[in-house]
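Protein chains: 2
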Amino acid sequence: MGFDPETLKYDDRGLVPAIAQDAASGEVLMMAWMNADAVRRTLESGRVTYWSRSRQCFWVKGETSGHVQKLVEMRIDCDRDCVLVLVEQSGPACHTNRRSCFYTALRDGQEVEIMSPIEGDLG
Amino acid sequence: MGFDPETLKYDDRGLVPAIAQDAASGEVLMMAWMNADAVRRTLESGRVTYWSRSRQCFWVKGETSGHVQKLVEMRIDCDRDCVLVLVEQSGPACHTNRRSCFYTALRDGQEVEIMSPIEGDLG
């Protein structure tokens with residue numbers, strides 16, 4: 005059946021969590037939020053677009069940094085309340101210039117940094 | 005520094021999204037929620053434990069189904085408001101008996117089922 009973004013189950017702020025995964029490596033890059041319009045814009049433009057809760061505006065990933073996410077495929081989960089976007093990520097996904105936002109591992113009760121910032125701009 | 009689950013940034017319900025990823029294949033299996041106690045229990049027990057919003061109780065993944073998630077590593081994101089758990093998943097992660105909850109892809113504007121339920125119980 006045809007997909008209608010309005011049929012996803014949004015929270016009381018009208019948002020669903022969106023997980024971005026590198027389509028080639030499988031690495032989980034980041035998690036952000038989408039409303040129905042962000043889902044629609046992402047599908048129509050092929051550029052992953054989130055809703056910024058802090059700035060209350062659409063956030064076309066990489067629009068200012070150049071670290072864009074080209075949509076390879078969007079998937080939805082069984083409960084229709086979470087979105088997975090498989091992407092081609094240009095440069096780092098994280099604002100700290102690391103490839104992934106999940107660069108802190110918990111090992112033996114300690115926080116361990118397992119990823120360094122990318123040097124220069126590979127965007 | 006030593007990790008304290010209370011230092012994560014929980015939402016107004018006291019929860020953070022937790023993404024479960026197959027540690028071996030990289031497949032994203034599911035997304036659920038954890039409160040600080042669920043984070044602590046997961047780290048202490050090595051069994052991934054969520055907080056069920058619908059039932060308002062701890063949810064030791066696989067406790068009834070046998071489809072347990074053995075924790076390989078927990079990671080936190082740059083904003084400390086999302087958790088990634090790398091797991092060894094026994095059998096299907098999804099309650100529909102599919103390996104992953106993200107079995108519906110959006111292709112050419114249509115919803116396409118890309119994964120079948122696992123036959124029998126491989127738990």
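Protein chains in written order, with this note's numbering: chain A, 5 to 127; chain B, 5 to 127. Glycine included, each C-beta is placed from N, C-alpha and C at the ideal position. Since the model is a prediction, treat every value here as computed from it, not as a measurement.
DSSP on residue i, reduced to helix/strand/coil?
i	result
residue 56 (chain B)	strand
residue 21 (chain B)	strand
residue 115 (chain B)	strand
residue 108 (chain B)	strand
residue 36 (chain B)	strand
residue 79 (chain A)	strand
residue 26 (chain B)	strand
residue 126 (chain B)	Reliability of the predicted coordinates at residue 126 (chain B) is poor, the pLDDT of 49 falling under 50, and no value is obtained from them.
Where DSSP assigns a beta bridge to residue i, which residues make up the other side?
i	result
residue 74 (chain B)	B:51, B:92
residue 11 (chain B)	In DSSP, residue 11 (chain B) forms no bridge with anything.
residue 87 (chain B)	B:22, B:80
residue 61 (chain A)	A:56
residue 66 (chain B)	In the DSSP output, where bridge partners are listed per residue, residue 66 (chain B) has none listed.
Quick check: is the beta carbon of residue i nearer than 8 Å to any beta carbon in chain B?
i	result
residue 91 (chain A)	no
residue 6 (chain A)	yes
residue 96 (chain A)	no
residue 71 (chain A)	no
residue 42 (chain A)	no
residue 23 (chain A)	yes
For a cutoff of 8 Å on Cβ pairs, would you count residue i as touching chain A?
i	result
residue 79 (chain B)	yes
residue 34 (chain B)	yes
residue 86 (chain B)	yes
residue 18 (chain B)	no
residue 60 (chain B)	no
residue 100 (chain B)	yes
residue 68 (chain B)	no
residue 30 (chain B)	yes
residue 113 (chain B)	yes
residue 110 (chain B)	yes
residue 12 (chain B)	no
Legend entry - Segment contact, 8 Å Cβ cut-off, at least three pairs: the segment 24-36 of chain A with the segment 81-92 of chain A: yes
Inset, instruction - Determine contact between the segment 7-17 of chain B and the segment 34-41 of chain B, defined as no fewer than three beta-carbon pairs at a distance below 8 Å. - result: yes
Inset, instruction - Could you say if the segment 101-114 of chain A and the segment 71-78 of chain B meet the contact criterion of at least three C-beta pairs nearer than 8 Å? - result: yes
Inset, instruction - State whether the segment 60-70 of chain A contacts the segment 42-52 of chain A, with contact taken as three or more CB pairs (one from each stretch) at a distance under 8 Å. - result: yes
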